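Colleague:
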Ligand code: SF4
Ligand code: SF4
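Chains as they are written, first to last, in my numbering: chain H, 1 to 693; chain F, 1 to 304.
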């Protein structure tokens, strides 16, 4: 074992020294091996304390000890979840350990369950030991700094108790959540959310205020520190791109007991902190509904204005009924949070891989006109059968397409169902039902085990279909053979056709029923087909129209399409109109989106909208944005705004085609940015630079 | 055939600057005035017009190839002059792959217009709704009147953006169906007004008085240097403001410094570009704002 450098100030990243797992044989069950490895990691992890720390816990080891045997290396690590922080808050790790011990009393337990439960006990002990080491370290440091840093002494006291025992005040609660969260990341789980922070911390806040334990200002400072600390290592936490951490804080929404608005002082406090710090992380997801107070809408816009890309708005009015109709219990549905991106997730009760695979809808379309083969290289991507020349009507084509969509779904599901997962006694301890069932989260111990499917190219597909309908079936503008040839040639010999498809054919997102009805029919079909499939843990599949990074990664693999998209051009983002195709304003976009039955495709069918900072310059426009959002959030599942910065505006000036839908507010009206004369574009760019600062 | 019916040249949804809350703005094609600084030149003529956007054109020349007369349709001035011939043909418009060449102005059945307006009814909330603009909406009286009646029937708030140039009788026909007016005043000197924009200012003031005695109204004053912002014109405008019978109804006066956003559209129509206009100077704007404020009006400068 390599010597760990002791350093108070720098988090040590020990990437170069994997800890060889040596002293247990592979005959031990995987649960026990995992628990031992966890203990090993924590016992070698140096408690890092900085002078100004108000919260304890810093990940200093980035290589988890090896514990898997050769045969287990294909197991997938679980992540993209939100644990039940409330369990730690109310029971502490001692309480959880006690639960596991009681569960072990069951005489009929399988040996697997016994091992699993013992591993939970071990993990709890390791955590408690580790926080005690933090406590000692803090004490040592506080002595070193003496009176100049009294907070370290207080924190040392807290760490002696927390997270072993239940939290009794706000400070303890925050430490408990922070420490637990850090442990999860340290066990190499990614994309870990913070859950409904303004809800589970609320009783502590209220109690502290009532009893004078802590003032609102003090709690503000602590929370601000919490925010900073979550952001401290966001690069290390990032998944695909820097910032892609899944550290979402969910605020607002409805509360369980009476179904009323749940926002409280903490909601506003956290928004204020986010506004003040302007960090990449944590990101805020604001749950809204018909009872969301005016003040909260306004405050959320003040944060949105900063151009950080959050808050993201999630609609309780759409999501809760969707979850219920899929089979989630009412009290769980009302408590939803989101996975790494935005797919609804029940915190602390679920092992739901909400973006476990995706369907490339343009591939489905290619397959349906080309005998299951790619138009790019004729490789087999779908199921054989189905030629455009045999489709005598548009309805025939849709029929072909549906059978391909069915095939793509079942193929993806089959792949996913072969996945097996690494157990996690830690995550199981923080997920309801696992201990009671004696079953690890990776084996189906959680209450909910539904997986989610994402999309790429759904809107491209819809736009392509309407083009085929017009050009081939209605106006006879092009023969089927020529059309396929153009797509295969990437429009090489017919740029006019490409341009015509792009500019002259109606597009999704403009409130045109003929187009939108294609979208809703196929979204319905897709959602239904997903829901028919079940996974290896007894859960089902949920369809969604979010795309995460799929719209970029799939671009190169997807042939030119009838929406005038050439090979390699990115696909449509999430469930949004294609770039540059919005012509009838934001209300028309939302109307198009709202024609979809979200109950069928609620796995994060988010709409992306771009707004210029100029919308935020005057109170009257802000008011109108609130009016718009209130209606839009009854009609859409989720919306995220890109409040564009000057860089984007410059880009829009140089690449107008990609930004045809970018609306800016100019003198007395709003306009499409790309339509403005250059001097006005420059003016807006200048102004946005001013706005953002 | 040249259509004698009412043409609409644009419909803007999610309009947030054309009256209270969120609105849908309907732009009528055709205006009896001839303000040389007009920034919606496509709204002046009552006829359909060809419109060619250089920035969209890919110069593929498909349009030239298809033209039965051998014209270059990008010479949009020619098209608008050869109007009948071209309007009966439109081949270039149909073939243009980029949509660079289009025809501005469309007849829309009233039922279809109302259906479109009602698509956004959820967003209108309490006082959002529809704004009829132009061109000059009051120059399209019979259609406008029916449209307003329908809007009221479905409970949509209505606003009219007008230069106030119409007969008193016409105005009285519709005023009951309008919730809110946005009224442009330009030149207040009788001769100037007649000469520059072709309007009888007395008629306009009479209509302004009728409107403000019954309805909420915002007054908009385009501020063009040495033209509308001269001492003399401002004095005359102030005189008009002083004699407004029901000042309460004039909820705001907006000063609109001239901007060049309309210029490119003249080129698109093949019309002569604007003669050069400049916005009023900052100091003059502020001074005018002061003067109007002193009459107890709420004044704002609506800058680009
Ligand atoms: S057809 Fe359209 S894009 Fe091509 S040259 Fe003519 S106007 Fe330009
Ligand atoms: S409308 Fe017809 S005649 Fe006129 S320019 Fe176009 S193609 Fe030629």
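Don't be surprised by glycine CBs; every beta carbon is placed ideally from N, CA and C.
Predicted, not measured: the structure shown is a model, and the values here were computed from it.
(1) Using a Cβ cut-off of 9 Å, pull out every chain H residue sitting near residue 97/F, in sequence order please.
(2) Please list the terminal residues of the continuous alpha helix (DSSP H) segment that includes residue 273/F.
(3) Can you name the residues that DSSP bridges to residue 249/H?
(4) Can you tell me whether residue 239/F is buried or exposed, with buried defined as 16 or more other CB within 10 angstroms of its CB?
(5) Where residue 291/F and residue 300/F are concerned, what is the direct C-alpha to C-alpha distance, given to the nearest angstrom?
(6) Counting C-beta neighbours from all protein chains within 10 Å, is the total for residue 65/F 16 or more, i.e. buried, or is it exposed?
(7) Between which two residues does the alpha helix (DSSP H) carrying residue 49/F extend?
(8) Please find out if some non-hydrogen atom of ligand 1 comes closer than 7 Å to the beta-carbon of residue 74/F.
(9) Measuring only the C-alpha atoms, how far is residue 539/H from residue 80/H?
(10) From which residue to which residue does the alpha helix (DSSP H) around residue 552/H run?
(11) Check the C-beta distance from residue 316/H over to residue 456/H and give it rounded, since I have them as a contact under 8 Å.
(12) In this structure, what does DSSP give as the bridge partners for residue 26/F?
(13) Any C-beta of chain H within less than 8 Å: which residues of the region 110-130 of chain F qualify?
(14) Count the other CB atoms, across all protein chains shown, that sit within 10 Å of the CB of residue 483/H; report buried if there are 16 or more and exposed otherwise.
(15) Please tell me whether residue 270/H and residue 251/H are closer than 8 Å, where the distance is taken between their beta carbons.
(16) From which residue to which residue does the alpha helix (DSSP H) around residue 320/H run?
(17) Report the residues of the region 41-67 of chain F with a CB closer than 7 Å to any CB of chain H, ordered along the chain.
(18) I'd like the span of the beta strand (DSSP E) that includes residue 181/F, first residue to last.
(19) In chain order, which alpha helix (DSSP H) runs of at least 4 residues are fully inside the region 95-144 of chain H?
(20) Got a list of residues with beta-carbon closer than 7 Å to any non-hydrogen atom of ligand 2, in chain order?
(21) State yes or no: is the C-beta of residue 184/F within less than 8 Å of the C-beta of residue 158/F?
(22) Roughly how many angstroms separate the alpha carbons of residue 348/H and residue 76/H, rounded to a whole number?
(23) So that I know if they touch, is there some Cβ in chain F lying closer than 8 Å to that of residue 585/H?
(24) Taking C-alpha atoms, which residue in 600/H, 614/H and 678/H lies nearest to residue 656/H?
(25) Between residue 574/H and residue 606/H, which are expected to be in contact by the criterion C-beta below 8 Å, what is the C-beta distance as a whole number of angstroms?
(26) Would you mind telling me which residues of chain F sit closer than 8 Å to residue 627/H, beta carbon to beta carbon, in chain order?
(27) Using a Cβ cut-off of 8 Å (strictly closer), state whether residue 631/H contacts chain F.
(28) Between the alpha carbons of residue 165/H and residue 634/H, how many angstroms are there, rounded?
(29) Using C-beta distances below 8 Å, list every residue in its chain close to residue 644/H, excluding the 5 sequence neighbours before and after it, in chain order.
(30) Which residues in chain H have a C-beta closer than 7 Å to the C-beta of residue 225/F? List them in chain order.
(31) Report all residues from its chain with a CB closer than 6 Å to the CB of residue 353/F; omit the five preceding and five following residues, and keep chain order.
(32) Helix, strand or coil for residue 415/H per DSSP?
(33) Check whether chain H comes within 8 Å of residue 255/F, counting only Cβ atoms and requiring the distance to be less than that.
(34) Got a sec? Which residues, its chain only, sit under 6 Å from residue 507/H by beta carbon, not counting five neighbours each side?
(35) What are the partner residues of residue 84/H, as DSSP defines its beta bridges?
(36) Just confirm the distance between the C-beta atoms of residue 363/H and residue 385/H, as a whole number of angstroms; I'd bet it's less than 8 Å.
Modeller: By the coordinates alone:
(1) Around residue 97/F, the beta-carbon contacts reaching into chain H at under 9 Å are 495, 496, 497, 498, 499, 500, 501, 502, 503 and 504.
(2) Element bounds for residue 273/F: n/a, residue is neither H nor E.
(3) 195/H and 284/H
(4) exposed
(5) 12 Å
(6) exposed
(7) Per DSSP, residue 49/F belongs to no alpha helix (DSSP H); it is in the beta strand (DSSP E), 49-52.
(8) yes
(9) 17 Å
(10) 550-553
(11) About 27 Å separates the two Cβ atoms, so there is no contact after all.
(12) 11/F and 132/F
(13) Flagged, chain order: 119, 120, 122, 123, 125 and 128.
(14) Residue 483/H is buried by the Cβ-count criterion.
(15) Cβ distance < 8 Å, so residue 270/H and residue 251/H count as in contact.
(16) 316-326
(17) 58, 60 and 62
(18) Note, residue 181/F: beta strand (DSSP E), 180-184.
(19) none
(20) 63/F, 66/F, 67/F, 68/F, 69/F, 71/F, 73/F, 79/F, 82/F, 85/F, 86/F, 89/F, 90/F, 91/F, 92/F and 93/F
(21) no
(22) 20 Å
(23) yes
(24) 678/H
(25) 5 Å
(26) 21, 22, 123, 125 and 128
(27) yes
(28) 42 Å
(29) 307, 610, 611, 612, 613, 652, 662 and 688
(30) Within chain H, not a single residue places a beta-carbon under 7 Å from that of residue 225/F; the smallest gap is close to 16 Å.
(31) Beyond the ends of chain F as shown, which are 1 and 304, falls residue 353/F; an answer cannot be given.
(32) Helix.
(33) no
(34) 463 and 581
(35) Bridge partners of residue 84/H: none, in fact.
(36) With a Cβ gap of about 15 Å, residue 363/H and residue 385/H do not count as contacting.
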